[in-house]
Structure formats: structure tokens, C-alpha cells
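Protein chains in written order, with the working numbering: chain A, 6 to 201; chain B, 6 to 201; chain C, 6 to 201; chain D, 6 to 201.
Cβ atoms here follow ideal geometry from the backbone N, Cα and C, with glycine treated the same way.
Everything on this sheet refers to the single structure shown next.
4 protein chains.
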Amino acid sequence: MARTKGSVGTDTERLIRAAAIGLMVEHGYEAMTLRQLAEAVGIQAGSVYRYFGAKEKLLADIMIGHMETVLAALREALAGIEAPVERLAAFCDFHIRYHIEKQAEVFLATMEIRSLPETARAEVLALRQAYEAEVVAILAAGMAAGVFAGRDARVSAYAIIGMLTSVCQWYRPNGRLKPDEIIAVHRDLVMAGVMR
Amino acid sequence: MARTKGSVGTDTERLIRAAAIGLMVEHGYEAMTLRQLAEAVGIQAGSVYRYFGAKEKLLADIMIGHMETVLAALREALAGIEAPVERLAAFCDFHIRYHIEKQAEVFLATMEIRSLPETARAEVLALRQAYEAEVVAILAAGMAAGVFAGRDARVSAYAIIGMLTSVCQWYRPNGRLKPDEIIAVHRDLVMAGVMR
Amino acid sequence: MARTKGSVGTDTERLIRAAAIGLMVEHGYEAMTLRQLAEAVGIQAGSVYRYFGAKEKLLADIMIGHMETVLAALREALAGIEAPVERLAAFCDFHIRYHIEKQAEVFLATMEIRSLPETARAEVLALRQAYEAEVVAILAAGMAAGVFAGRDARVSAYAIIGMLTSVCQWYRPNGRLKPDEIIAVHRDLVMAGVMR
Amino acid sequence: MARTKGSVGTDTERLIRAAAIGLMVEHGYEAMTLRQLAEAVGIQAGSVYRYFGAKEKLLADIMIGHMETVLAALREALAGIEAPVERLAAFCDFHIRYHIEKQAEVFLATMEIRSLPETARAEVLALRQAYEAEVVAILAAGMAAGVFAGRDARVSAYAIIGMLTSVCQWYRPNGRLKPDEIIAVHRDLVMAGVMR
DNA sequence: AATGAATGAGTGTTCATTCAT
DNA sequence: CATGAATGAACACTCATTCAT
């Protein structure tokens, strides 16, 4: 049969991407086979190549797309907020909520950087640095203004991002706490941690 | 059990373990080949099987050994300290220093849990939970005593551990800050974050 | 039969055939992909099947067509010439000129016989033998008439054909020598070689 | 079973090379699969990679080895012979005998140059040019000395080589003529063809 | 204790071919 | 007529693993 009735190319591409994210989170990029992926989508392994020229490309596509999206979303979330205190609180809210909603992509993006081909890795790292730079800037501004304590904006930023990101290692949608409660715990920890 | 019973470990065994840690950190467990490993040690691939029955066993051995060691070391570091505040500060010191000193093992232990065979994974997760439980207990005690703020000892513990562990993602021995400075930044963040 | 019965060949068919010859000469039959071919023509790979039922058919079609054409052209070139000496000279002229003009087809026909399916290979070999037989006959006639030296008309014919055909391995349209000069060199070699 | 009893690595390498030559001659390099090759040798396909890192390397190895051998053998065959006439006769003898004895390698070397990776192709072409240059030099010397007719030593050399090489397209060990007879026919054709 | 030759299952990838649209 | 989505079989190649030596 040349084509499964009713299938449409663009749909297939989305299905592949979604299935790939799930399988890579579950088994890791290296351990996921294209046959597993194809079976999950209901196509043949070779058909993946109509949409992604290589397994590497698939990973790169997902990760770069994710990083671009999250960076843009962060900037939008911070837009119009001036005071460092409020900006930091907004960042906490945004970051955790995003990492809860897109848990899989975020998990991938932290775990599989090593598996990216050189060029894509550089691109992803640049986007991550841009993301981190936003937080560093907030902390530096707050320290300069005297509202934040702390000796080192950069290390503090890494620490805060590390804390908030770790949520996606254990969060389960049907867990004990609701997202808002999780956010509150972390935001309180962060804000109390940095305030002078 | 982390090692073959009673074996103190021959030289070759230690060399294999050390080389494996380095290569797995660099390339990931799945991507590291036994030929790479053997070449790094200066032996043939087949000879690895004298010491570790399978690639999986090698990973399990390293990870379980690491988890046992770090758990024991934590308990020793906290021994004799009573007050929650002091215990938490001691935990921060210990955790970061350990993660800086054994950066590679820690990185492995967070990244390659998925690659472990079922039994070993359960064992590692149990050890990790025991480790986390120590921190949860400190926070719960402090909250009960009224010295720590915070609504949820468990989530707070995960957050703090996540923050402190993230150091091993970026720490470089010849970096801008010395270990003591890094520890200070994190300890301050944590302590300020939890104190009532 | 070289072509689908009665078809004069549409434009697209001619384009496919021409592009296929070029690509097969460049990469070899096995190494040429239908996607390359389709791209060269400006259509989709699947569309090639409107004109040639299979890749093998395309090769067979080209090669049989070529062999039929060259055999007919040889017979026409020799028509009306009686004396073995003159017939052999005419053959040299014809063969080299044809191999220079249709260098690609000739190159294909010598290189890709192995790639033909059994039936087509037999057909091509039969046509080639018919071609060779013309030369054998000329030599045999000349030897019988005492104008040609030589012990074995068949081997001599193969040797002469091999010599003349080798031109298409190195001939380049803008090379140092013009076709007429190349022809002269070879004809002189052959005629001097066989004359008693 | 880890090893077929009695098998020795060096033997296997020779067996692979020999089987590869046969299969490549029969089906062409592209059409020969490593499974065919492995089966012919009595090993698994993957085992070929102990001896040749890639299919391409196998071809390159065979072709370069052949070209080096034949070039050295030619020079040895011509050593000590001074007069162009005798050198050319010696070349004819050598070339045909060698092409009869090593028919398969020679056939490969003429047919599969396209399949070589770039570097190996350049190497093989350089060796071929060195071989051809020997013949060009003989003809040029003979023309300069006035013993050979002919206008163009290079084209004449190509023609003669083309003639003699074509033997390996049809020669069969149990054919009608013995090697010495085949050699005689060709040598007579060539010598008569070039003598003034 | 170590080697090195070999296995065999599996990998990512290619490609001629088919066919509903 | 042509497309483009899909197939499925095959390919070159890798690698953890085994075991006679």
C-alpha cells in the first residue's frame, strides 16, 4: 500500500517529533532506535527520512526549536517588568511553569546536549547562554541596586536556574502538589535566598 | 553490592573503572564503546570481561559504588551535629565539596540512571532516596522547630539538592572561583532561603 | 526491441534517456539513483515509471537501442565496398568516429553489460557478436585473399576492435588532437598491422 | 563459537581479498554485497571489518596493490633491453601474459576506477600513467631513431595498450587458443603496425 | 591473565518501487 | 500525467560478547 488512508505529511512530521521526544526521554537519544520511533508513529523506519534527513537532525531540530521557543517566551514573560525583585519573581514563575508544562522537552534539552552534532550543540549552547544571561542580568541589577545580597551574580544565577530546573526531574502531573504550590515553594526559596 | 565480594580490586580493574568514568562522562554510556575503553586502558576489549561481566555491570558497579560512598560520607559529615541549622549548613558544605571533588561520578550518576538495568536502577534510586531523605529530615526538623520557614520539606529538599548538584554541570577546576567561594555562594543562598 | 512499440518517444522520455546516459557514465548504473535522474530531468522519481517500468528496463532500453543503431550504421558504412582492404579501412574510420561522437553510449555499452538482466544481456551480447562478426569476416576474407597476414581472424578482430574502442576511454572533445588525426593514427596502426 | 577451528587471521585476509576480486569481477563493485563476500569466505559480514575498514578500502587495497605490482613487473621485464624494437616486443609479451595470468585483477582495475574514493583514484591513475609512460617512451624512442613509423607516440601507446588489454575481456583459460598463440597474434599486429 | 579472531544481532540509512490523490 | 507519501527489503557498518589459544 502506497499510503495509509487519510495520512497527511505534515501530520506525520508532528507525530514523529512528538513520539521522538517521548522515546528519547524514556530511553535516551542514543538508545532510541528509529525502528522504535517508526513503530510508535505507525510507519516504516525509512519513512522518517522524508522528514528528518538523519537521526541527529531530528534531535537538533527538537532541541533548537525548544531553546528558541523558551527564550522567546521568557523575554515575553519579563517584558514590561522593571524592578529586579519583580523580574526575578516573574522569572521563577515562568521558568517552573514552563518546565512543568514542557517537562519532556526540557529534560531532553538538559540531558542530550552531548549527543548533538558539533554545530547544533554550539547553537543550543548559545541559546542557553542567552537564557542564562537574562537571569544573570536580573541578579546583577538587583545587587547593584542594593536590593539583592550575594557576591556573584553569575554563580547565583546558575544556582537558581539549577534549582528551578530540577523540578522536571521529579514532577508528575498527578503528583501530590499542584503546579501553583510547587511554584510557590521554589519562588519563596529563591526570593528569600537573594533578598538583602 | 558495589564490587565483587572480597576483591580489593586489582590495578587493571581500577584503571578500567577510572577510564570508564571519564569516557562515559565525555560520550555518554551508550556512546562509549568497549574498544574505546580498552584502548584507554591499554588492553583488548575482550579482557574487560575478566573484571566486569558486561558493559551494564560496569555502569552499575560504578554508580552503586558511588551512591554508597556518597551516602556514607554524608552521614559521617553530619554525625554529631544536632541543630537543624548547623546540619543544613554542613550538608551544603559537604554536598558541594563532594560534587566538586567527584564531579565525574556525580555527573554520571545523574545522567545515566536510564541506562541502568532494572535491578541496578532500583538499587541506585533507593540509595538516592536515602540520601534525599537525610535532607528532607533536616528540613522537617527545622520546620518543626520553627527555625526554618517553608511549607513542604520534601519539595524544598529536592530544590536545594537540585541547586547544589547543578554545580557539577559547569564547574571547572581552573575556573574563576575557588571551591570555597562557590560553596559560600550556595550556602548563603540556601540558608537565607530557608531561615524563618 | 529497443523501444515501446510504435512510440516515437515523448519529450520527457527523451530527456530521461539522455540524463540517464550522462549519469550512468558519471557514476555507473548501480550508483545512479532514480532520484538523481528525476532531479536532472526536473520530475519526481515515481514519474520515471510512466516511461520505463524499471531501472533495469531503462538500461536495457538504452543499451539495446545503441547496439541496434551502431550495427545498422556499420552495415551502412560498409555497404557497397568490396575489397577487404578498403572495407577494413572504412571500418576503422566508422568505428572511431562513431565512438567519438557517441562516446557516452559506447562507454556505457562496454561498462554496464554486467548490470543488465539476463535476457537483455543475451540480446546485447548477440548484437555485439554480430558487430564483431562483420570485422571477423573482413579479416577472414582478406586472409583468404592473401592480402592480410595473420593467423587468426577472430583474435585479430577482437584485438583491432579493442584498440579502436579504447579511444572512448580517454577522448575529450577539446583535447590535443582532432578526430581526424586520431582516426589517422589508429587506421595506420591497424592497416600496417594486418597487411601482408 | 569464537573461532572456526584452525582459522588464522592472515589466511582470512587473503581469502577475503581473493573472494572479493572474484565477486567484483562477476557483479561489479557496487553490486557485490558484503554478505555475499562473507559467505564466499565462510565468515560473517562484520568480520570483514577486522581486515578492511570499509568496502571502499577493500577495493582501493586491491587496485593499488595490483597497479604497484604490475608496474614493478613491467620495469623488471624491460630491464636490460635497449633497442626500442626489442623493448616493444618485450612489452607486448609481458603485458598480455600478465593480463592473462591476472585477468581478474586487470579487469577490475579497468572497470572500477569510478568506484574508488577520490584519494585512491588519484593514486591509481598516477600509477596507470606511469605504466603508460613506459610505453610512450618506447614508442617515442623508436620514432626518434627512425625505426618506428607513426605520428603520435602517446596516442599510439594508448591504442596499443588498449588492444593488448582487451584480451582480458574475452580470454578463457580453456579457450581455443593457448596463451602463446594469443601473444603471437597480438605481438605481430603491434610490431607490424609500428615498424617503418 | 590476556589476546585476537570471530560472531550475530542490531543500527542508521538508502532506494527502487507503488499508488491514492 | 505527475506528485509525494509511503513501503520494505536491502545495505554497509558497529559493537557487545565469546572463547580457543
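Best match in the options for proximity to residue i [C-alpha to C-alpha]
| i | options | result |
| --- | --- | --- |
| A/Ile101 | A/Asp193, A/Val199, A/Ile187 and A/Ala197 | A/Ile187 |
| B/Arg181 | A/Trp175, A/Val160 and A/Arg181 | A/Val160 |
| C/Leu79 | C/Glu137, C/Thr38 and C/Tyr34 | C/Glu137 |
| C/Gln174 | C/Glu81, C/Glu106 and C/Ala23 | C/Glu106 |
| A/Ala142 | A/Gly51, A/Arg92, A/Met196 and A/Leu194 | A/Arg92 |
| D/Thr38 | D/Met200, D/Ala59 and D/Lys183 | D/Ala59 |
| D/Phe99 | D/Asn179, D/Pro184 and D/Arg201 | D/Pro184 |
| A/Thr15 | A/Phe57, A/Cys97 and A/Pro122 | A/Phe57 |
Proximal chain D residues relative to residue i, where beta-carbon distance stays under 8 Å
| i | result |
| --- | --- |
| C/Met168 | Ala164, Ile165, Gly167, Met168 and Ser171 |
Contacts of residue i in chain D (Cβ-Cβ under 9 Å)
| i | result |
| --- | --- |
| C/Arg156 | Glu186, Ala189, Val190 and Asp193 |
6 Å Cβ shell around residue i - same chain, five flanking residues per side excluded
| i | result |
| --- | --- |
| C/Thr17 | none |
| D/Ala114 | Met68 and His71 |
| D/Ala36 | none |
| C/Arg177 | none |
| D/Ile86 | Arg92 and Ala95 |
| A/Asn179 | none |
Residue i: CB within 8 Å of a non-hydrogen atom of the ligand MN
| i | result |
| --- | --- |
| D/Ala95 | Absence of the ligand MN is noted for the structure shown, with no ligands found whatsoever. |
7 Å Cβ cut-off: residues of chain B touching residue i
| i | result |
| --- | --- |
| A/Glu35 | Gly33, Glu35 and Ala36 |
| A/Met116 | Met116 |
Bridge partners - residue i, DSSP secondary structure assignment
| i | result |
| --- | --- |
| D/Phe153 | D/Met200 |
Proximity of residue i and residue j at Cβ, strictly below 9 Å
| i | j | result |
| --- | --- | --- |
| A/Met168 | A/Val129 | no |
| A/Ile166 | A/Val140 | yes |
| B/Ile26 | B/Ala149 | no |
| A/His104 | A/Val46 | no |
| D/Gly147 | D/Pro89 | yes |
| C/Ala125 | C/Glu61 | yes |
| A/Ala135 | A/Leu144 | no |
| C/Ala43 | C/Val53 | yes |
| B/Val195 | A/Gly198 | yes |
| A/Thr170 | A/Val111 | yes |
| C/Glu31 | D/Arg55 | no |
| A/Arg192 | A/Ala94 | yes |
| C/Ala84 | C/Phe96 | no |
Contact list for residue i against chain A, beta-carbon separation under 7 Å
| i | result |
| --- | --- |
| B/Val111 | Those within 7 Å of B/Val111 in chain A number zero; the least Cβ separation is about 13 Å. |
Chain C contact residues for residue i, given Cβ-Cβ distances below 8 Å
| i | result |
| --- | --- |
| D/Leu130 | By Cβ distance, chain C contributes nothing, its closest Cβ being about 11 Å from D/Leu130, past 8 Å. |
Cross-chain neighbours of residue i in chain D, by beta carbon under 7 Å
| i | result |
| --- | --- |
| C/Leu121 | By Cβ distance, chain D contributes nothing, its closest Cβ being about 11 Å from C/Leu121, past 7 Å. |
Interface residues of chain B facing residue i [CB-CB closer than 8 Å]
| i | result |
| --- | --- |
| A/Leu182 | Asp157 and Val160 |
| A/Ala197 | Ala154, Ala197, Gly198, Val199 and Met200 |
Sequence-distant residues of its chain with Cβ nearer than 8 Å to residue i (five each side left out)
| i | result |
| --- | --- |
| B/Glu117 | Met29, Gly33, Tyr34, Leu64 and Met68 |
| A/Leu132 | Ile69, Met72, Glu73 and Leu76 |
| D/Gln49 | Ala43 |
| C/Met200 | Val90, Val152, Phe153 and Ala154 |
| D/Arg127 | The identity of residue 127 of chain D in the sequence shown is Ala, whereas the question assumes Arg. Excluding positions up to five away in sequence, the list is empty. |
| D/Ala164 | none |
Sequence-distant residues of the same chain with beta carbon closer than 7 Å to residue i, five excluded per side
| i | result |
| --- | --- |
| D/Pro122 | Glu61 and Ala65 |
| C/Ala24 | Leu42, Ala45 and Val46 |
| C/Arg22 | Ile67 |
| D/Arg40 | Ala50 |
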